[in-house]
Amino acid sequence: YYRDIKGNFIFSDVRFDLGAHKINKGDKLAQLVIVPIWTPALQEVDEFSEVSERGEKGFGSSGF
């Protein structure tokens with residue numbers, strides 16, 4: 001988890017083959033994908049309501 005990246009960046013290499021692996025100068029070792037971090041606003045409640053959007057329907061029936 002990196003909030004702000006400055007300096008060196010360390011990554012983990014996971015391979016499924018065994019043995020030595022030669023890395024040549026200029027080889028591309030990683031790909032960086034930047035994704036947003038969703039931090040919802042939370043509300044603390046003493047107890048949950050018995051009524052919900054999905055009513056008596058099962059998991060996944062609310063459309064999300």
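With full-length UniProt numbering, letter number 49 in the sequence shown gets 49, and the count goes up by one each step, no holes. C-beta: ideal position from N, C-alpha, C; glycine also.
Check                                                                                                                          : Outcome
Cutoff 7 Å; reference L32; Cβ partners in own chain excluding five residues on either side                                     : none
I37 beta carbon less than 8 Å from that of L29                                                                                 : no
Contacts around V35, its chain only, beta-carbon distance under 7 Å, and the 5 residues preceding and following it disregarded : none
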